[in-house]
Amino acid sequence: MPLEKGERELIAAGLKTLGILRSGAGGLSDKKLDEFHDEKVDSFSLFLEELLLWNRRTNLIGKATTREIIIRHVFDSLSVYHLLKEKNASILDVGAGAGFPSVPLAIIDRALRIAAVERRHKRAAFLQNIAVLLNLDHLEVIEADVRDISGRFDVVLARGVGELAVLYELTRKTVKEHAMIIAFKGRITEIEKEVSRLKEKTAGGKSLNLSIQRVRVPFLDEEERNIVIIETK
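Heads up: the sequence shown is residues 310 to 542, going by the working numbering.
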């Protein structure tokens, strides 16, 4: 079922608030910028329509409304784009699930090279379908457990994978030297506890640089969102 006009307008407003459309469009003329804008909104709309269709039979994302998916998942996924653009980095999305954050990032920037790893067959099939449907040839879907991945990546992204110590243990063999592991998190008080436990398991974190960055998710002002950046030395 096609998205309603208000939902498309919400997508456009969020992308504008994040400053993504203009930064991703380069030096386009106003006319070309409008075309670029419409193309991205169309792609997000098609992605969400397909997600809602699959969700009825495979429960990809629970009973969330379209508005909730746009704000809590699409916009949240894009909140890290400023760390990735113009980096020419290889990116691994761990436990990609319903495609967050890999699909929104792939839609917004075709220069990003993203591998989405998902071990559950139905979810991997959904992601493969989305990659074909939206012609995202720079998005590789890998049906596997992250512990079986042999490649080395510049950036690892993780939403809802687990505590930082668990995430680091799962992904430390998949990253290059001087790589970034970026974890999407909530309240700073909970993050600080996780950081302490990570340091306990990594000799005080001496081989890592840890930083916490507050991010703004459009239309989610009442909820605290942060990202933890783990840089390997």
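All residues carry an ideal CB built from backbone N, CA and C; glycine is no exception.
Beta strand (DSSP E) segment containing residue i, residue limits
i, result
"ARG523", "517-523"
"PHE435", "Careful: PHE435 lies outside any beta strand (DSSP E), inside the alpha helix (DSSP H) at 430-442."
"ALA453", "No beta strand (DSSP E) contains ALA453, which DSSP labels as neither H nor E."
"ARG468", "462-468"
"ALA405", "No beta strand (DSSP E) holds ALA405; DSSP gives it neither H nor E."
With 16 other Cβ atoms within 10 Å as the buried cut-off, status of residue i
i, result
"PRO410", "buried"
"VAL611", "Since the first residue shown for the chain is 310 and the last is 542, residue 611 is missing from the structure and cannot be characterised."
"ASP446", "exposed"
"MET310", "exposed"
"THR498", "exposed"
"LEU448", "buried"
"SER520", "exposed"
"LYS372", "exposed"
"LEU517", "buried"
"LEU362", "exposed"
"THR326", "exposed"
Reference residue i; option with closest CA among the options
i, options, result
"VAL470", "VAL426, GLU449, THR367", "VAL426"
"GLY460", "ARG429, VAL504, TYR390, ASP402", "ASP402"
"ILE536", "SER388, TRP363, LEU362, GLU452", "SER388"
"VAL450", "GLU472, LEU466, ILE423, ALA467", "ILE423"
"ASP529", "VAL350, GLY328, SER352, VAL383", "In the sequence as presented, Asp is not what sits at residue 529; that position holds Leu. Answer by Cα proximity: VAL383."
"ASP347", "ARG366, LEU324, ARG365", "LEU324"
"ILE491", "ALA373, VAL524, LYS510", "VAL524"
"LYS431", "THR511, ILE400, ARG366", "ARG366"
"LYS349", "TRP363, ILE329, PRO527, LEU421", "ILE329"
"ARG429", "GLU452, ASN444, SER352", "GLU452"
"ASN444", "GLU344, ASP351, LYS542", "ASP351"
Contacts around residue i, its chain only, beta-carbon distance under 6 angstroms, and the 5 residues preceding and following it disregarded
i, result
"ARG506", "ALA474"
"THR375", "GLU316"
"ARG496", "GLU533"
Beta-carbon contacts of residue i that lie in its chain and below 7 angstroms, excluding the five residues immediately before and after
i, result
"LEU312", "SER354, LEU357, GLU358, THR375"
"ILE538", "MET489, ILE491, SER520, GLN522"
"LYS307", "This structure gives no information on residue 307, because the portion of the chain shown stretches from 310 to 542."
Opening and closing residue of the alpha helix (DSSP H) in which residue i lies
i, result
"LYS391", "In the sequence as displayed, the identity of residue 391 is His instead of Lys. Taken as a continuous stretch (DSSP letters only), the alpha helix (DSSP H) holding HIS391 covers 390-393."
"ALA543", "In the structure as shown, the chain begins at 310 and stops at 542. Residue 543 is therefore absent and cannot be evaluated."
"THR374", "No alpha helix (DSSP H) contains THR374, which DSSP labels as neither H nor E."
"GLU478", "473-480"
"GLU503", "497-510"
"ILE423", "Element bounds for ILE423: not the alpha helix (DSSP H) but the beta strand (DSSP E), 422-426."
Stretch pair the segment 468-484 + the segment 447-459: three plus CB contacts closer than 8 angstroms: yes
Sufficient close CB pairs (3 or more, under 8 angstroms) joining the segment 400-416 to the segment 425-443: yes
- prompt: Are there three or more Cβ pairs, one per stretch, closer than 8 angstroms when the segment 312-326 is compared with the segment 372-392?
  reply: yes
query: Are at least three pairs of beta-carbons, each pair with one atom in the segment 383-396 and one in the segment 414-422, less than 8 angstroms apart?
result: yes
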